[in-house]
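Chains as they are written, first to last, in the working numbering: chain A, 3 to 180; chain B, 3 to 180. Backbone N, C-alpha and C fix where the C-beta goes; we use that ideal spot for every residue, glycine too. In this text the structure is predicted, and so the values were computed from the model without any measurement.
Number of protein chains: 2
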Amino acid sequence: MGTVFLDMVMSLDGFVAGPDNTDSGLHDWYFAPAGNATFVIDELLETIGAMILGNRAFGEQPEGFDTPYHVPHFVLSHTARPTIVNGEASFIFVDSIESALAQAREAAGEKSVCVAGGAATAQQLLNAGLIDELQIHIVPMLLGGGLRLFDQIKPVKLEQTRVLESPGVTHMRFAVLR
Amino acid sequence: MGTVFLDMVMSLDGFVAGPDNTDSGLHDWYFAPAGNATFVIDELLETIGAMILGNRAFGEQPEGFDTPYHVPHFVLSHTARPTIVNGEASFIFVDSIESALAQAREAAGEKSVCVAGGAATAQQLLNAGLIDELQIHIVPMLLGGGLRLFDQIKPVKLEQTRVLESPGVTHMRFAVLR
Numbered sequence: 003m004g005t006v007f008l009d010m011v012m013s014l015d016g017f018v019a020g021p022d023n024t025d026s027g028l029h030d031w032y033f034a035p036a037g038n039a040t041f042v043i044d045e046l047l048e049t050i051g052a053m054i055l056g057n058r059a060f061g062e063q064p065e066g067f068d069t070p071y072h073v074p075h076f077v078l079s080h081t082a083r084p085t086i087v088n089g090e091a092s093f094i095f096v097d098s099i100e101s102a103l104a105q106a107r108e109a110a111g112e113k114s115v116c117v118a119g120g121a122a123t124a125q126q127l128l129n130a131g132l133i134d135e136l137q138i139h140i141v142p143m144l145l146g147g148g149l150r151l152f153d154q155i156k157p158v159k160l161e162q163t164r165v166l167e168s169p170g171v172t173h174m175r176f177a178v179l180r
Numbered sequence: 003m004g005t006v007f008l009d010m011v012m013s014l015d016g017f018v019a020g021p022d023n024t025d026s027g028l029h030d031w032y033f034a035p036a037g038n039a040t041f042v043i044d045e046l047l048e049t050i051g052a053m054i055l056g057n058r059a060f061g062e063q064p065e066g067f068d069t070p071y072h073v074p075h076f077v078l079s080h081t082a083r084p085t086i087v088n089g090e091a092s093f094i095f096v097d098s099i100e101s102a103l104a105q106a107r108e109a110a111g112e113k114s115v116c117v118a119g120g121a122a123t124a125q126q127l128l129n130a131g132l133i134d135e136l137q138i139h140i141v142p143m144l145l146g147g148g149l150r151l152f153d154q155i156k157p158v159k160l161e162q163t164r165v166l167e168s169p170g171v172t173h174m175r176f177a178v179l180r
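Below, the structure written as structure tokens:
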């Protein structure tokens with residue numbers, strides 16, 4: 003069975019979005035990948051069998067956002083909504099992390115479940131002990147403010163399992179030690 | 003002339019000390035270096051010509067702390083104190099970052115000036131635009147609380163100049179873009 007991993011982009015000072023929720027260029031490397039970033043993105047496309055994301059990360063688009071991942075996306079939402087099918091991707095609205103995780107594991111089969119944000123969703127799953135691995139893409143900027151990825155979390159011991167450098171970003175992987 | 007660089011160890015979630023100011027194992031890699039850590043530590047010993055540190059980072063030892071750096075250490079302190087000589091190292095107490103930096107540059111000559119903490123001193127020098135480079139040693143742990151390195155800072159654009167992986171730590175270097 004695949005692992006449940008958190009995949010997030012953050013600035014060196016720990017923000018996943020800048021002040022006023024701006025992207026601040028954090029994802030530039032993703033949209034114009036160079037060096038190891040190409041491998042890392044291809045690996046994500048090949049290994050992810052299901053996604054979990056928060057309602058705000060999903061966004062407010064009625065059709066679901068444009069995703070390169072042709073897998074079921076389980077969106078945490080307190081409001082019941084009908085499933086959205088967008089090409090080969092689907093968006094299924096669920097009301098708890100436990101339900102999201104059970105359905106995502108089932109859908110992913112041998113592949114991995116990717117928790118793709120936002121920060122609050124990441125914190126909730128981390129604090130519930132439901133994350134096996136972290137992939138953090140560290141971007142060389144100090145934003146000075148915004149939305150912190152690691153805030154209000156319990157201590158977690160990690161093992162550094164991979165470090166890959168790309169132009170303008172470093173991809174770090176960690177296993178959660180239990 | 004050498005650069006002025008910040009050299010700090012931080013957890014993946016951005017803390018330079020854990021709750022209650024404990025080290026939390028953040029510096030274990032430094033005291034038992036393996037892999038690239040040996041090179042990185044040797045490089046520090048060879049290239050640092052003067053140190054700047056805050057009064058709390060210096061500590062309260064009357065003789066000055068045991069330092070492997072046989073260079074002048076400029077300690078920010080609001081209280082005038084006589085210089086301490088400890089073997090080949092010395093501790094000179096200065097009352098402003100400008101004075102510390104001027105004296106440290108002079109003492110370092112062609113070598114680099116290392117700003118070695120604590121967090122408040124790092125923030126003060128960063129916000130004054132006085133840091134040319136950052137070397138951040140990222141340790142694979144989420145402490146969940148403690149003293150944040152990057153807090154109350156202005157936005158800074160960085161260029162990632164080097165990434166070295168060692169067992170239990172990743173050494174990242176950045177140039178400050180102006």
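Determine the extent of the beta strand (DSSP E) in which residue i is found, giving its start and end residues.
i	result
Asn185/A	Absent from the model: residue 185/A. The displayed extent of chain A is 3 to 180, so no value can be given.
Glu167/B	158 to 168
Leu179/A	171 to 179
Ala91/B	91 to 96
By the DSSP assignment, the alpha helix (DSSP H) with residue i in it spans what residues?
i	result
Arg58/B	57 to 60
Ala110/B	99 to 110
Thr24/A	Per DSSP, Thr24/A belongs to no alpha helix (DSSP H) and is neither H nor E.
Tyr32/B	30 to 33
Thr40/A	38 to 49
What residues match up with residue i in a beta bridge as DSSP calls it?
i	result
Ile54/B	Phe76/B, Val117/B
Ser13/A	Val141/A
Phe7/B	Cys116/B, Glu135/B
Ala150/B	Checking the displayed sequence, the identity of residue 150/B turns out to be Arg instead of Ala. Note: Arg150/B sits in a beta bridge opposite Phe17/B.
Assuming residue i contacts residue j under a Cβ cut-off of 8 Å, what Cβ separation, rounded to an integer in Å, is found between them?
i	j	result
Ala106/B	Ala52/B	4 Å
Gly89/B	His72/B	7 Å
Met10/A	Thr172/B	With a Cβ gap of about 16 Å, Met10/A and Thr172/B do not count as contacting.
Glu15/B	Phe95/A	Checking the sequence, you will find Asp at residue 15/B rather than Glu. Actually they are not in contact, since the Cβ atoms of Asp15/B and Phe95/A sit about 30 Å apart, beyond 8 Å.
Asn23/A	Leu149/A	7 Å
Gly37/B	Pro142/B	Between Pro142/B and Gly37/B the Cβ distance is about 14 Å, and since that is not below 8 Å, they are no contact.
Thr182/A	Ala59/A	Outside the displayed range of chain A (3 to 180) lies residue 182/A, so it cannot be described from this structure.
Phe17/B	Leu145/B	5 Å
Ser79/B	Asn57/B	5 Å
Ile99/B	Gln125/B	Not quite, the Cβ-Cβ distance comes to about 11 Å (not below 8 Å), so this is no contact.
Pro21/A	Gly147/A	4 Å
Glu167/A	Val165/B	4 Å
Ile206/A	Ala102/A	Given that chain A is displayed from residue 3 to residue 180, the structure contains no residue 206/A and the question cannot be resolved.
Val6/B	Val158/B	No, Val6/B and Val158/B are not in contact; Cβ-Cβ is about 14 Å, not under 8 Å.
Ile133/A	Met12/A	Ile133/A to Met12/A, Cβ: 15 Å. No contact.
Ala82/B	Gly4/B	Between Gly4/B and Ala82/B the Cβ distance is about 28 Å, and since that is not below 8 Å, they are no contact.
key: Residues in the stretch 140 to 167 of chain B having any Cβ partner in chain A nearer than 7 Å   = Answer set for the stretch 140 to 167 of chain B: Pro142, Met143, Leu144, Leu145, Gly146, Phe152, Ile155, Lys156, Pro157, Val158, Lys159, Leu160, Glu161, Gln162, Val165, Glu167.
Positions along the stretch 7 to 19 of chain B whose CB lies within less than 8 Å of some CB in chain A = Taking 8 Å as the Cβ-Cβ cut-off against chain A, the residues of the stretch 7 to 19 of chain B that qualify are Leu14, Asp15, Gly16.
query = Just by C-beta distance, which residues in the stretch 101 to 129 of chain B are closer than 7 Å to chain A?
reply = So the list is empty, because no residue satisfies the distance condition.
message = If the cut-off is 7 Å on Cβ atoms, which residues from the stretch 72 to 87 of chain A count as contacting chain B, listed in chain order?
response = For chain B, none of the residues of the stretch 72 to 87 of chain A brings a beta carbon within less than 7 Å of one of its beta carbons.
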